[in-house]
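Peer 1: Counting in this note's numbering, the sequence shown runs from 1 upward without gaps.
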Amino acid sequence: MQKTSLIALARHELTQAREASSGRSAKTVFGGHEHQLRQTVIALRAGEELSEHENPGEATLQVLEGRVTLKSGEVSWNGSIGDLLIIPDHLHSLDAVEDSVVLLTVAKKA
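Here it is as structure tokens:
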């Protein structure tokens with residue numbers, strides 16, 4: 001059994017993102033290439049984005065801190081602390097409205 005404090009990890013990754021030239025930082029909490037399930041904490045400085053990309057499988061995004069906008073085509077969803085967004089199964093992007101941390105959970109397609 002393993003325990004991880006998402007609050008502490010979110011704080012750490014947000015500090016890293018604020019200092020990084022890219023304005024972002026990420027840490028895999030669970031999973032990897034040998035697992036189907038992967039959970040990653042992603043921190044984005046306000047105004048930064050994860051540009052449009054494909055969905056590698058079923059995925060959700062839980063907002064741990066800040067506010068984000070998930071976009072897919074002409075549709076967008078706003079997320080704030082505590083919100084769980086279901087990521088569409090096609091091209092999408094993520095914008096940080098303010099300094100934000102999200103927990104990305106992906107179940108890769110077999």
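Here a beta-carbon is modelled for each residue, glycine too, at the ideal position from N, C-alpha and C.
Alpha carbon to alpha carbon, how far is Glu74 from Leu91?
Peer 2: On the sequence shown, residue 74 is found 74 positions in, with the first residue counted as 1. On the sequence shown, residue 91 is found 91 positions in, with the first residue counted as 1. Near 11 Å, if we compare the C-alpha coordinates of Leu91 and Glu74.
Peer 1: Comparing C-alpha positions only, which one of Gln16, Ile7, Ala96 and Gly57 sits nearest to Ser50?
Peer 2: For the purposes of this step, residue 50 is taken as residue 50 along the sequence shown, with counting starting at 1. Residue identity differs from the one stated: residue 50 is Leu in this sequence, not Ser. Of the candidates Gln16, Ile7, Ala96 and Gly57, the one whose C-alpha sits nearest the C-alpha of Leu50 is Ala96.
Peer 1: Does the segment 36–46 come within contact of the segment 69–88, defined as at least 3 CB pairs closer than 8 Å?
Peer 2: no
Peer 1: If distances are taken between C-alpha atoms only, which option among Leu6, Pro88 and Met1 comes closest to Leu103?
Peer 2: Numbered from 1 along the sequence shown, position 103 holds the residue referred to as residue 103. Cα-wise, what sits closest to Leu103 is Leu6.
Peer 1: Could you give the first and the last residue of the continuous alpha helix (DSSP H) run that contains Ala10?
Peer 2: On the sequence shown, residue 10 is found 10 positions in, with the first residue counted as 1. Segment Leu6 to Glu19, the alpha helix (DSSP H) holding Ala10.
Peer 1: Assuming Leu94 and Val68 form a contact by the criterion Cβ under 8 Å, report the distance between their Cβ atoms to the nearest whole angstrom.
Peer 2: The residue labelled residue 94 in the question sits at position 94 within the sequence shown. The residue labelled residue 68 in the question sits at position 68 within the sequence shown. At roughly 6 Å, the Cβ-Cβ gap stays under 8 Å, so Leu94 and Val68 are in contact.
Peer 1: Is Lys109 helix, strand or coil by DSSP?
Peer 2: Locating residue 109 in the sequence shown gives position 109, counting from the first residue. Here Lys109 sits in coil by DSSP.
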